[in-house]
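Shown next, in structure tokens, is the structure this report addresses.
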Amino acid sequence: MRHTWLIPATAALVAPVAEFAYAIEYLSVDAAQRAAFPDATSFEPVLVAADVKAAIAQEAGRFQVEPRVWRVRAGERALGWFIVDEVVGKVELITYGLALDPDGTVRSLDVLAYRESHGDAIRLAAWRAQFTGKKPGDPVRIDSDIRNISGATLSCRHVTEAVHRLLLLYAKALAHG
Amino acid sequence: MAEGVIRRRRAQLWLGTIVEIAAEAQQAAVVDTAIAAAFAAVARIHRALSNHDPASELSRVNRRAAARETMISRDLRAVLACALAVAERSGGAFDPTQGARLAALGFLPPQPMADRAACWRDIRLSARGVTFARPLALDLCGIAKGYAVDRAVLALRAHAVMTGVVNAGGDLRVFGERDETVYVRIDGAQGGVQPLVRIREGAVATSAYASQRRYVDGRWASPLIEPRNGLPVMSTRTVSVIAPTCMLADALTKVVALRGRAAAPALAAFGASAAVLSPAGERWRFTQAA
Numbered sequence: 001m002r003h004t005w006l007i008p009a010t011a012a013l014v015a016p017v018a019e020f021a022y023a024i025e026y027l028s029v030d031a032a033q034r035a036a037f038p039d040a041t042s043f044e045p046v047l048v049a050a051d052v053k054a055a056i057a058q059e060a061g062r063f064q065v066e067p068r069v070w071r072v073r074a075g076e077r078a079l080g081w082f083i084v085d086e087v088v089g090k091v092e093l094i095t096y097g098l099a100l101d102p103d104g105t106v107r108s109l110d111v112l113a114y115r116e117s118h119g120d121a122i123r124l125a126a127w128r129a130q131f132t133g134k135k136p137g138d139p140v141r142i143d144s145d146i147r148n149i150s151g152a153t154l155s156c157r158h159v160t161e162a163v164h165r166l167l168l169l170y171a172k173a174l175a176h177g
Numbered sequence: 001m002a003e004g005v006i007r008r009r010r011a012q013l014w015l016g017t018i019v020e021i022a023a024e025a026q027q028a029a030v031v032d033t034a035i036a037a038a039f040a041a042v043a044r045i046h047r048a049l050s051n052h053d054p055a056s057e058l059s060r061v062n063r064r065a066a067a068r069e070t071m072i073s074r075d076l077r078a079v080l081a082c083a084l085a086v087a088e089r090s091g092g093a094f095d096p097t098q099g100a101r102l103a104a105l106g107f108l109p110p111q112p113m114a115d116r117a118a119c120w121r122d123i124r125l126s127a128r129g130v131t132f133a134r135p136l137a138l139d140l141c142g143i144a145k146g147y148a149v150d151r152a153v154l155a156l157r158a159h160a161v162m163t164g165v166v167n168a169g170g171d172l173r174v175f176g177e178r179d180e181t182v183y184v185r186i187d188g189a190q191g192g193v194q195p196l197v198r199i200r201e202g203a204v205a206t207s208a209y210a211s212q213r214r215y216v217d218g219r220w221a222s223p224l225i226e227p228r229n230g231l232p233v234m235s236t237r238t239v240s241v242i243a244p245t246c247m248l249a250d251a252l253t254k255v256v257a258l259r260g261r262a263a264a265p266a267l268a269a270f271g272a273s274a275a276v277l278s279p280a281g282e283r284w285r286f287t288q289a290a
């Protein structure tokens, strides 16, 4: 192990970079689909009916974005389902891909993109706007140099709830399809 | 980056956090297979060492080991051996038997059988398995993530990956012939990120407890227990430890959070050192513990 501390010497006062946004794309939807189902020959988009979404919202809360669903096949054989969904946490926005076997068992869950913003409320709103398609306000600084962050763990509770919603979607709309 | 090098980053959710793996190799197939193997190792450890899953190996050991010697996996043995070594060197500041107290505060599922007076000396690790001198609830939250990172790095290397970083929610390890800059995330009103360390072939773990607090019985509690009196500690400090392995770095953050500068001998014993950030007005005060 070789190391050099970058924080100033003993008892110095430091001000962290308070307003920064961290954004990373891990996998494209295509790449995530191929990673989850290497043998697949087709990914066929499936529309989710409005009444199904309403029923899920009643039971498990509303979807934050429209989930995108694909039926996955290898020739005529059903391999399962692939769903792309997003969750918004306190300072983070996570796009993830959930792969399900035909019987609804979770096959894999990959984070496709992750964005995090620290700073004041206006910057946070501007940062979110750029991902939700609304008109962005202040420009947001994206620090592409900041790759390795050690620090307080972000909660995955939001993702767990979102996955629960997708499993409900499977049960109501996909299981008998 | 050298020409002809394939670089991949992938992230999945394990151990209650985002686990990110960045890896480089000469061929795409090598990197992809290696990353899949690394995530498989993380998933295996997640399933074995979860306190929230009654079917996990950890839950089974917690139910049985007070009654009789219980066989354990190589993963659990490795984690327990390291936990006991850090417990001994830190005079019990790191103690993996605080599960009953954490459960009483709502940080873990109820552990009705466990004795709150248990301590690390009640764990007997033998060649065959583990025995508890009294009913207790092992809690490996403070070390399992670091171990998972180490195993992921091992899996990547076994698959001929030369350079990479594995980061499990802030506990990370860097390997290969390159320095990496690691930033520390600081919570709160004056929060943000701060460049922390440049490191090669080593691990960094950070613990901050203010953001994990819960309101219990009329006061705030954090998931950091002072084993001497069994009470939760409310700390606003952010503690980062660098060590040769992520499991050591992870465990030692708890020792520094509880003991401050008095943790120096324990850090030195494991070839580790620490940086502590504490809020001082509008800024942060930094001290190096060793």
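Protein chains in written order, with this note's numbering: chain A, 1 to 177; chain B, 1 to 290. Glycine is no exception: its CB is placed at the ideal position from the N, C-alpha and C atoms.
Query raised in the report: Do we get a CB-CB distance below 7 Å when we pair alanine 18 (chain A) with the residues of chain B?
Result: The residue given as residue 18 (chain A) occupies position 18 in the first sequence. Cβ-Cβ to chain B under 7 Å: yes for alanine 18 (chain A).
Query raised in the report: Are the region 79 to 90 of chain A and the region 98 to 116 of chain A touching by the rule of at least three beta carbon pairs closer than 8 Å?
Result: yes
Query - Alpha-carbon spacing of proline 136 (chain A) relative to alanine 129 (chain A), whole angstroms - result: Here residue 136 (chain A) refers to the residue found at position 136 when the first sequence is read from its first residue. Here residue 129 (chain A) refers to the residue found at position 129 when the first sequence is read from its first residue. Confidence is the limiting factor: at proline 136 (chain A) the pLDDT is only 44, short of 50, which leaves the residue's position unreliable, though a coordinate-based value still follows. Roughly 5 Å between the two C-alpha positions.
Query raised in the report: When burial is assigned at 16 or more other CB atoms within 10 Å of the CB, is alanine 2 (chain B) buried or exposed?
Result: Within the second sequence, numbered from 1, the residue matching residue 2 (chain B) stands at position 2. Only weak support exists for where alanine 2 (chain B) lies, its pLDDT of 49 falling under 50; the coordinates are left without a value.
Requested in this report: Using a Cβ cut-off of 7 Å (strictly closer), state whether tryptophan 81 (chain A) contacts chain B.
Outcome: Position 81 of the first sequence holds residue 81 (chain A). No, its Cβ sits nowhere closer than 7 Å to a Cβ of chain B.
Query raised in the report: By the 10 Å Cβ neighbour count, where 16 or more other Cβ atoms means buried, how is valine 5 (chain B) classified, buried or exposed?
Result: Here residue 5 (chain B) refers to the residue found at position 5 of the second sequence. Valine 5 (chain B) should be labelled exposed.
Query raised in the report: Any C-beta of chain B sitting closer than 7 Å to the C-beta of alanine 125 (chain A)?
Result: Looking up residue 125 (chain A) in the first sequence gives position 125. No, alanine 125 (chain A) lies away from the interface with chain B (no Cβ there is under 7 Å from its Cβ).
Query raised in the report: Is the beta carbon of threonine 131 (chain B) less than 7 Å from the beta carbon of alanine 118 (chain B)?
Result: Counting from 1 along the second sequence, the entry for residue 131 (chain B) is found at position 131. Counting from 1 along the second sequence, the entry for residue 118 (chain B) is found at position 118. Against a cut-off of 7 Å, the Cβ pair of alanine 118 (chain B) and threonine 131 (chain B) comes out as no contact.
**Report entry** Extent of the continuous beta strand (DSSP E) to which tyrosine 114 (chain A) belongs
**Finding:** If you number the first sequence from 1, residue 114 (chain A) lands on position 114. Per DSSP, tyrosine 114 (chain A) belongs to the beta strand (DSSP E) from 106 to 118.
Query raised in the report: What distance in whole Å lies between the Cβ atoms of isoleucine 123 (chain B) and leucine 154 (chain B), which are believed to be in contact at a cut-off of 8 Å?
Result: Here residue 154 (chain B) refers to the residue found at position 154 of the second sequence. Here residue 123 (chain B) refers to the residue found at position 123 of the second sequence. Actually they are not in contact, since the Cβ atoms of leucine 154 (chain B) and isoleucine 123 (chain B) sit about 25 Å apart, beyond 8 Å.
Query - Partners in chain A for arginine 10 (chain B), counting only beta-carbon separations shorter than 7 Å - result: Position 10 of the second sequence, counted from the start, is the residue given in the question as residue 10 (chain B). Residues of chain A passing the Cβ test: Tyr26, Leu27 and Asp110.
Query raised in the report: Identify the residues that DSSP records as bridge partners of isoleucine 83 (chain A): which are they?
Result: As a working note, residue 83 (chain A) is residue 83 in the first sequence. As a beta-bridge residue in DSSP terms, isoleucine 83 (chain A) pairs with A:Val69 and A:Leu98.
Query raised in the report: Taking three-plus beta-carbon pairs below 8 Å as touching, is the region 206 to 220 of chain B in contact with the region 240 to 256 of chain B?
Result: yes
Query raised in the report: Excluding the five sequence neighbours on either side, which residues of its own chain have a C-beta within less than 6 Å of the C-beta of aspartate 179 (chain B), listed in chain order?
Result: By one-based count along the second sequence, residue 179 (chain B) stands at place 179. Cβ within range, chain order: Arg198 and Arg200.
**Report entry** Expected contact under 8 Å - CB spacing of aspartate 110 (chain A) and glutamine 111 (chain B) to nearest Å
**Finding:** By 1-based counting over the first sequence, the position of residue 110 (chain A) is 110. By 1-based counting over the second sequence, the position of residue 111 (chain B) is 111. Rounded, the Cβ-Cβ distance is 33 Å, inconsistent with contact.
Query raised in the report: What number of angstroms, rounded off, separates the C-alpha of alanine 48 (chain B) from the C-alpha of leucine 156 (chain B)?
Result: What you label residue 48 (chain B) is simply residue 48 of the second sequence in a count that begins at 1. What you label residue 156 (chain B) is simply residue 156 of the second sequence in a count that begins at 1. Approximately 20 Å, taken between the alpha carbons.
Query raised in the report: Is it right to say threonine 160 (chain A) is buried, meaning 16 or more other beta carbons lie within 10 angstroms of its own, or is it exposed?
Result: For this step, residue 160 (chain A) is matched to residue 160 along the first sequence. Exposed, because fewer than 16 other Cβ atoms sit within 10 Å of the Cβ of threonine 160 (chain A).
Query raised in the report: Does the Cβ-Cβ distance between alanine 266 (chain B) and serine 235 (chain B) come in under 7 Å?
Result: Numbered from 1 along the second sequence, position 266 holds the residue referred to as residue 266 (chain B). Numbered from 1 along the second sequence, position 235 holds the residue referred to as residue 235 (chain B). The answer is no: Cβ separation not under 7 Å.
**Report entry** Three-state class that DSSP yields for tyrosine 147 (chain B) in the structure shown
**Finding:** On the second sequence, residue 147 (chain B) is found 147 positions in, with the first residue counted as 1. Correct three-state label for tyrosine 147 (chain B): helix.
Query raised in the report: Would you call the CB atoms of glutamate 177 (chain B) and arginine 128 (chain B) closer than 7 Å?
Result: Indexing the second sequence from 1 puts residue 177 (chain B) at position 177. Indexing the second sequence from 1 puts residue 128 (chain B) at position 128. No. Outside cutoff.
Report task. Report the rounded CA-to-CA distance for methionine 162 (chain B) versus alanine 280 (chain B), giving the unit in angstroms. Result -> As a first step, residue 162 (chain B) must be located in the second sequence, where it is residue number 162. As a first step, residue 280 (chain B) must be located in the second sequence, where it is residue number 280. Near 42 Å, if we compare the C-alpha coordinates of alanine 280 (chain B) and methionine 162 (chain B).
Report task. Determine which residues of the region 13 to 47 of chain B have a Cβ less than 7 Å from any Cβ of chain A, and write them out in chain order. Result -> Of all residues in the region 13 to 47 of chain B, Leu13, Gly16, Thr17 and Ile18 have a Cβ within less than 7 Å of some Cβ in chain A.
Query raised in the report: Would you say glycine 192 (chain B) reaches chain A, if we count a Cβ-Cβ gap shorter than 7 Å as a contact?
Result: As a first step, residue 192 (chain B) is located in the second sequence; it is residue number 192 there, counting from the start. Yes, because at least one Cβ of chain A sits closer than 7 Å to the Cβ of glycine 192 (chain B).
Query raised in the report: Is it right to say proline 223 (chain B) is buried, meaning 16 or more other beta carbons lie within 10 angstroms of its own, or is it exposed?
Result: Position 223 of the second sequence, counting from 1, holds the residue named residue 223 (chain B). Proline 223 (chain B) is buried by the Cβ-count criterion.
Query raised in the report: Can the beta-carbon of tryptophan 70 (chain A) be found less than 7 Å from the beta-carbon of proline 45 (chain A)?
Result: On the first sequence, residue 70 (chain A) is found 70 positions in, with the first residue counted as 1. On the first sequence, residue 45 (chain A) is found 45 positions in, with the first residue counted as 1. In this structure, proline 45 (chain A) lies closer than 7 Å to tryptophan 70 (chain A) by Cβ.
Query raised in the report: Using the C-alpha atoms, what's the distance from leucine 168 (chain A) back to valine 193 (chain B)?
Result: Looking up residue 193 (chain B) in the second sequence gives position 193. Looking up residue 168 (chain A) in the first sequence gives position 168. About 38 Å.
Report task. Using three-state DSSP, classify lysine 135 (chain A) as helix, strand or coil. Result -> Along the first sequence, read from residue 1 onward, the residue named residue 135 (chain A) stands at position 135. Confidence at lysine 135 (chain A) is low in this model, with a pLDDT of 48, below 50, so its placement is unreliable and the value that follows should be read with caution. Taken through DSSP and simplified to helix, strand or coil, lysine 135 (chain A) comes out as coil.
Query raised in the report: With distances taken between CB atoms, is the gap from proline 244 (chain B) to glycine 271 (chain B) smaller than 7 Å?
Result: Position 244 of the second sequence, counting from 1, holds the residue named residue 244 (chain B). Position 271 of the second sequence, counting from 1, holds the residue named residue 271 (chain B). Closer than 7 Å, so yes.
Requested in this report: Going by DSSP, name the residue or residues bridged to serine 278 (chain B).
Outcome: Walking along the second sequence from the start, residue 278 (chain B) turns up at place 278. B:Arg285.
Query raised in the report: Can you give the Cα-Cα distance for proline 109 (chain B) and threonine 17 (chain B), rounded to whole angstroms?
Result: Looking up residue 109 (chain B) in the second sequence gives position 109. Looking up residue 17 (chain B) in the second sequence gives position 17. Using only the alpha carbons, I get a separation of about 18 Å.
Query raised in the report: In chain A, which residues lie with their C-beta within 9 Å of the C-beta of serine 278 (chain B)?
Result: Within the second sequence, residue 278 (chain B) is the residue found at index 278, counting from 1. Those within 9 Å of serine 278 (chain B) in chain A number zero; the least Cβ separation is about 11 Å.
Query raised in the report: Where does histidine 159 (chain B) fall in DSSP's three states?
Result: Translated into the one-based positions of the second sequence, residue 159 (chain B) becomes position 159. In the three-state reduction of the DSSP assignment, histidine 159 (chain B) falls in the coil class, being assigned neither a helical nor a strand state.
Requested in this report: Any chance you could list the alpha helix (DSSP H) runs of at least 4 consecutive residues sitting entirely within the region 231 to 281 of chain B, in chain order?
Outcome: 246 to 259 and 264 to 269
Query raised in the report: Are the C-beta atoms of arginine 2 (chain A) and some chain B residue less than 7 Å apart?
Result: On the first sequence, position 2 is the one that residue 2 (chain A) refers to. So, interface residue.
Report task. Identify the contact partners of leucine 93 (chain A) in chain B, using a Cβ-Cβ distance below 8 Å as the criterion. Result -> Here residue 93 (chain A) refers to the residue found at position 93 of the first sequence. The contacting residues do not exist; leucine 93 (chain A) stays about 12 Å from chain B at best.
Query raised in the report: Taking the Cβ atom as the reference point for each residue, do isoleucine 45 (chain B) and alanine 148 (chain B) lie within a distance shorter than 7 Å?
Result: Position 45 of the second sequence, counting from 1, holds the residue named residue 45 (chain B). Position 148 of the second sequence, counting from 1, holds the residue named residue 148 (chain B). Yes, they are a contact pair.
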